[in-house]
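Residue numbers (the working numbering): 278 to 499.
In structure tokens, the structure reads:
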């Protein structure tokens, strides 16, 4: 599309083990680079009394960067997991020009899932659900993910009234995860878009302050 966004985050989480499960409290700090291809916007003049340009739409290519913050908490047991997080906590404003700004709205996420071990103990089915809102609109997702031997994974997700998502990936080695997802629109937007592709590369590592304890680890908030 005409809008593009690239982000880089550093995430940190504190894990607290209890007799019933594991609590994780995390934060993320990062940079968002957002741009808009104003040169590619084509407008039609429909009369002498109508402006062919919109002052809120850039007429040239613009780009800017902003600082972003997120917080989250996650609870997990061998069978069940749930969490809540808030992205774009500071609602960063990205300046495109003296007259134009782009703001990332804060988004609340609530998620939960269940781990269902199949006949083959190496295969685990993980149905999950995700609700997110910016307090103006909301979106609900339901997905089913199959994992094999804690290494290979793939599945299907449905974003209510918006898209079907196919995804797959591999936990390549300790800490490194590589994944791919394809969004296929099911709304009217399918007339103008054949879908979108997403690639994921993440790495987690232990950060030990005390060799006798393992309480610090960098993980994804959700």
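Ideal Cβ positions, reconstructed from N, Cα and C, are used throughout, including at glycine. Since we're looking at a predicted model, the values are computed, not measured.
Boundaries of the beta strand (DSSP E) in which residue i is found, first to last residue
i: residue 483; result: No beta strand (DSSP E) holds residue 483; DSSP gives it neither H nor E.
i: residue 385; result: 384-391
i: residue 358; result: 357-364
i: residue 375; result: Element bounds for residue 375: n/a, residue is neither H nor E.
i: residue 462; result: 453-462
i: residue 353; result: 338-353
Cα-Cα separation between residue i and residue j, rounded to whole angstroms
i: residue 380; j: residue 371; result: 6 Å
i: residue 384; j: residue 462; result: 22 Å
i: residue 436; j: residue 476; result: 18 Å
i: residue 417; j: residue 280; result: 23 Å
i: residue 403; j: residue 335; result: 44 Å
i: residue 472; j: residue 460; result: 5 Å
i: residue 374; j: residue 405; result: 41 Å
i: residue 317; j: residue 340; result: 14 Å
i: residue 337; j: residue 309; result: 20 Å
i: residue 236; j: residue 450; result: Residue 236 is absent from the model: the chain starts at 278 and stops at 499.
i: residue 344; j: residue 397; result: 46 Å
i: residue 427; j: residue 389; result: 19 Å
Buried or exposed by the 16-neighbour rule on C-beta atoms within 10 Å, applied to residue i
i: residue 358; result: buried
i: residue 393; result: exposed
i: residue 313; result: buried
i: residue 311; result: buried
i: residue 438; result: exposed
7 Å CB neighbourhood of residue i in its chain, flanking five on each side removed
i: residue 366; result: 346, 347, 348 and 383
i: residue 429; result: 447
Beta-carbon contacts of residue i that lie in its chain and below 6 Å, excluding the five residues immediately before and after
i: residue 419; result: 406 and 435
8 Å CB neighbourhood of residue i in its chain, flanking five on each side removed
i: residue 457; result: 444, 445, 446, 474, 475, 476 and 477
i: residue 352; result: 298, 299, 300, 301, 358, 359 and 360
Unbroken stretches of the alpha helix (DSSP H), 4 residues or longer, contained in the segment 394-447: none
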